[in-house]
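Chemist: Let me give you the structure first, and then I'll get to my questions.
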Amino acid sequence: MQIRVIKHVRKVYGCRDCEMAPVTADKPAQLIEKSMASPSVLAMLLTTKYVDGLPLHRFETVLSRHGIEIPRQTLACWVIQCSEHFQPLLNLMRDSLLGSRVVHCDETRVQVLKEPDREPSSQSWMWVQTGGPPDKPVILFDYSTSRAQEVPTRLLDGYRGYLMTDDYSGYNVLGAQAGVERLGCWAHARRKFVEAQKVQPKGKTGRADVALNLINKLYGVERDLKDACDGDRKTGRHGRSLPILVQLKSWLEKTQPHVTSQNALGKAIGYPASNWNKLERYVEEGYLPIDNNAAERAIRPFVIGRKNWLFSDTPKGATASAQLYSLVETAKANGKEPYAWLRHALERLPLAS
Numbered sequence: 001m002q003i004r005v006i007k008h009v010r011k012v013y014g015c016r017d018c019e020m021a022p023v024t025a026d027k028p029a030q031l032i033e034k035s036m037a038s039p040s041v042l043a044m045l046l047t048t049k050y051v052d053g054l055p056l057h058r059f060e061t062v063l064s065r066h067g068i069e070i071p072r073q074t075l076a077c078w079v080i081q082c083s084e085h086f087q088p089l090l091n092l093m094r095d096s097l098l099g100s101r102v103v104h105c106d107e108t109r110v111q112v113l114k115e116p117d118r119e120p121s122s123q124s125w126m127w128v129q130t131g132g133p134p135d136k137p138v139i140l141f142d143y144s145t146s147r148a149q150e151v152p153t154r155l156l157d158g159y160r161g162y163l164m165t166d167d168y169s170g171y172n173v174l175g176a177q178a179g180v181e182r183l184g185c186w187a188h189a190r191r192k193f194v195e196a197q198k199v200q201p202k203g204k205t206g207r208a209d210v211a212l213n214l215i216n217k218l219y220g221v222e223r224d225l226k227d228a229c230d231g232d233r234k235t236g237r238h239g240r241s242l243p244i245l246v247q248l249k250s251w252l253e254k255t256q257p258h259v260t261s262q263n264a265l266g267k268a269i270g271y272p273a274s275n276w277n278k279l280e281r282y283v284e285e286g287y288l289p290i291d292n293n294a295a296e297r298a299i300r301p302f303v304i305g306r307k308n309w310l311f312s313d314t315p316k317g318a319t320a321s322a323q324l325y326s327l328v329e330t331a332k333a334n335g336k337e338p339y340a341w342l343r344h345a346l347e348r349l350p351l352a353s
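Each step along the sequence shown adds one to the number in the UniProt record's numbering, with nothing skipped, and position 171 is 171.
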């Protein structure tokens with residue numbers, strides 16, 4: 001990393017023979033007024049934290065090694081100010097998301113130390129939604145103190161389409177709205193049978209293997225149809241996946257009465273049995289996903305970053321993190337290099353009307 005000081009010299013012109021006031025050349029447009037931070041420095045700051053997962057105090061140390069002393073409080077202010085300038089772009093990204101045929105949702109914990117009327121140890125939540133056109137994916141993060149159903153209902157207000165989630169009840173109100181169709185996640189269903197398989201006698205097959213074999217066949221169909229168009233994928237699912245689903249449902253109905261709901265196998269069977277309508281719905285159209293892995297992949301960089309910086313200090317900081325993760329993850333999903341994209345955007349934001 002190379003850090004340079006750039007001086008802008010502004011010339012002042014005046015006329016000795018008239019009474020007109022001197023004219024000073026305009027200064028370059030700045031994103032953060034009266035700040036020493038150039039777009040390249042701001043882009044590096046945002047990239048190190050939200051792509052590389054480097055906490056601000058460690059970036060402060062990196063700068064110090066290069067002879068630049070900038071307190072982390074100043075760095076934090078720069079992060080928040082940058083995120084606020086990006087809000088119009090984030091609004092457009094949400095408009096694109098709400099126009100999607102399918103939206104994936106997930107949520108994970110985040111700790112914020114200075115939330116009003118809450119203990120520093122209280123758990124808050126980072127919500128992620130993915131969608132957008134297939135060739136222009138959108139990933140949005142949103143911070144909230146709550147995991148209640150009001151949050152996804154607010155975030156996806158006015159959405160009409162398919163909603164892919166796990167079976168968390170917080171999505172039920174949104175999923176029950178007119179024009180919204182819930183999809184179930186086969187990856188979640190499969191994991192529960194993997195857990196049940198682990199408690200079987202070592203070296204022996206059991207009932208969990210029966211379900212896993214059928215679920216694996218569903219995924220095998222998806223692999224075979226990965227490069228197919230939506231129409232061919234729909235036809236392939238109807239011809240190959242539907243018979244497997246019929247077989248699996250029959251096995252669940254026969255097996256469930258003979259298994260206690262308290263053990264691993266009973267819990268594994270209970271998940272698809274209670275979510276069957278949502279789980280089988282993906283065969284309705286070729287563009288529908290079989291699972292919620294898109295949201296889980298989208299949320300993983302945040303989880304990795306959280307292991308390094310541990311918490312947000314203030315709600316403003318948590319909101320800024322949500323906004324900036326939205327930008328860098330959407331840039332990555334669209335094949336853009338995050339630092340180059342951020343620098344490009346930060347150079348042009350001061351010129352936007």
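Yeah, the Cβ is synthetic: ideal placement off N, Cα and C, and Gly gets one too.
Since we're looking at a predicted model, the values are computed, not measured.
Examine the Cβ distances between the stretch 227-238 and the stretch 277-292 and report whether three or more of them are shorter than 8 angstroms.
Modeler: Flag = yes, the stretch 227-238 and the stretch 277-292 touch.
Chemist: So, for A187: in the same chain, excluding its five sequence neighbours on each side, which residues have a beta-carbon less than 6 angstroms away from its beta-carbon?
Modeler: Same-chain partners within the cutoff: D291 and N293.
Chemist: DSSP on Q200, reduced to helix/strand/coil?
Modeler: Note: Q200 maps to coil in three-state DSSP.
Chemist: Does the Cβ of G335 have 16 or more other Cβ atoms within 10 Å, making it buried, or fewer, making it exposed?
Modeler: Flag for G335 reads exposed.
Chemist: Rounded to whole angstroms, what's the CA-CA distance from G131 to D157? Just pull it up for me.
Modeler: Their backbone Cα atoms lie some 15 angstroms apart in a straight line.
Chemist: Report back the beta-carbon spacing between R343 and A43 to the nearest angstrom; my notes put them in contact at under 8 angstroms.
Modeler: Indeed, because the Cβ distance is near 4 angstroms, the residues count as touching under 8 angstroms.
Chemist: Please give the ranges of any alpha helix (DSSP H) in the stretch 295-344, keeping only runs that are unbroken, at least 4 residues long and fully inside the region.
Modeler: You should have 315-333.
Chemist: In chain order, what residues of the same chain have a beta carbon less than 8 angstroms from the beta carbon of K198, not counting five sequence neighbours either side?
Modeler: For K198, where only same-chain residues beyond five positions count, the Cβ hits under 8 angstroms are A264.
Chemist: Leaving out the 5 sequence neighbours to the left and right, which residues in its chain are closer than 6 angstroms to P39 when beta-carbon positions are compared?
Modeler: Same-chain partners within the cutoff: R343, L346 and E347.
Chemist: On a Cα-Cα basis, can you pick out the residue from V102, E19, A352 and H66 that is closest to G179?
Modeler: Nearest option by C-alpha distance: V102.
Chemist: Could you pull out every residue in the same chain whose Cβ sits closer than 7 angstroms to the Cβ of T260, ignoring the five residues on either side in sequence?
Modeler: Excluding positions up to five away in sequence, the list reads G266.
Chemist: Looking at the structure shown, is V283 part of a helix, part of a strand, or coil, going by DSSP?
Modeler: Three-state DSSP puts V283 in a helix.
Chemist: State the Cα-Cα distance for the pair V79 and D142, rounded to the nearest angstrom.
Modeler: Taking the straight line joining both Cα atoms gives about 16 angstroms.
Chemist: Identify every residue that forms a DSSP beta bridge with Y143.
Modeler: DSSP, once it has assigned bridges, lists M126 as partnering Y143.
Chemist: Considering Cα atoms alone, identify which of D227, V246, H238 and K226 is closest to A211.
Modeler: Of the candidates D227, V246, H238 and K226, the one whose C-alpha sits nearest the C-alpha of A211 is V246.
Chemist: According to DSSP, is T108 helix, strand or coil?
Modeler: In this structure, T108 counts as strand in the three-state DSSP scheme.
Chemist: According to DSSP, what are the bridge partners of residue 360?
Modeler: The requested residue 360 is not part of the displayed model; the chain covers only 1 to 353.
Chemist: The ligand GDP and D230: does the residue's C-beta get closer than 7 angstroms to at least one heavy atom of that ligand?
Modeler: Ligands in the displayed structure: none, and consequently the ligand GDP is not present.
Chemist: Cutting at 6 angstroms between CB atoms, please list the residues of its own chain near H104, excluding the five before and the five after it.
Modeler: Closer than 6 angstroms at Cβ, skipping near neighbours: T130, M164, N292, A294 and A295.
Chemist: Identify whether T260 lies in helix, strand or coil by the three-state DSSP scheme.
Modeler: Coil.
Chemist: Would you call E107 buried or exposed, if buried means 16 or more other Cβ atoms sit within 10 Å of its Cβ?
Modeler: Buried, by the Cβ-count rule.
Chemist: Compare the C-alpha of M93 against each of L351, Y325 and A340 and name the closest.
Modeler: Among L351, Y325 and A340, the Cα nearest to that of M93 belongs to Y325.
Chemist: When DSSP labels each residue in this structure, what does G266 get in the three-state scheme?
Modeler: Here G266 sits in helix by DSSP.
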